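Counting from 187, one number per residue, gives the positions in the sequence shown under my numbering.
Where a beta carbon is used, it is the ideal one built from N, C-alpha and C, also for glycine.
Just so you know, these numbers come straight off a predicted model, no measurement behind them.
These notes are about the structure you will find just below.
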Amino acid sequence: MDPTPDFDEIFVAEFTAVERTVFLIVHDRELAKELTQDAFVALLKAWQKVSRYDRPGAWVRRVAIRLAIRALHSNESRSRAERRATEPPVTASPRDLDVWRAIRTLPGQQRAAVALFYLEDRPVHDVADMLGCSPKTARVHLFRARQRLGELLSVTEVDR
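This is how it looks when you write it as structure tokens:
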């Protein structure tokens, strides 16, 4: 039995979303593409085992997120990401740009949690699964991210 068609389906269905999530973590398009490709290579290598999982797409996303967070901890990757970081499309409002910049300052796990929960609209248990932590820890990452973003954006109770 040839697993390639199933792998191809997962690749087509997940690659763009995984790459977007990784970009939101590393803020470097080329690095995001590279890390996403590395995650899918790992998926292909482990396909015989992972193809039996209920959600192989979650497995590859978790691998990609771990690779992205590891890349953030590398000084070379961090400085390269800062030099190459791009802003969101010009059509974004000034408030969106502020939010975008504020998210970039969050630690990697918090950035990943925000990307998965708010931008990909994933439930907390999926966020936890993809970050390799408990749902409680994922909620802590989201809470701290919201708290920090509120400080950075000077959000008041009236604004919410």
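Excluding five sequence neighbours on each side, which residues of the same chain lie with their C-beta closer than 6 Å to the C-beta of residue i?
i	result
Leu210	Ala301
Thr207	Ala301
Tell me where the alpha helix (DSSP H) around residue i begins and ends.
i	result
Thr323	321 to 339
Leu292	Neither: Leu292 is in no alpha helix (DSSP H) and is coded neither H nor E.
His311	310 to 317
His259	242 to 259
Could you round the C-beta distance between residue i and residue j to whole angstroms and report it? I think they count as a contact, below 8 Å.
i	j	result
Asp312	Ala244	7 Å
Ala299	Leu339	So it is not a contact: roughly 17 Å between Cβ atoms.
Val310	Arg325	6 Å
Leu292	Arg238	Leu292 to Arg238, Cβ: 35 Å. No contact.
Once the 5 residues before and after residue i are set aside, which same chain residues still bring their CB inside 7 Å of it?
i	result
Leu253	Leu221, Asp224, Ala225
Arg145	No answer is possible for residue 145: the residues shown for the chain start at 187 and end at 346.
Met316	Ala244, Arg247, Arg248, Ile251, Leu302
For residue i, name the three-state secondary structure that DSSP assigns.
i	result
Tyr304	helix
Thr272	Because Thr272 sits at a pLDDT of 49, beneath the cut-off of 50, its placement in the model cannot be relied upon, and the following sentence gives the value as read from the coordinates. Coil, per DSSP.
Ala225	helix
Once you ignore the five residues that flank residue i on each side, which residues in its own chain have a CB closer than 8 Å to its CB?
i	result
Arg330	Gln296
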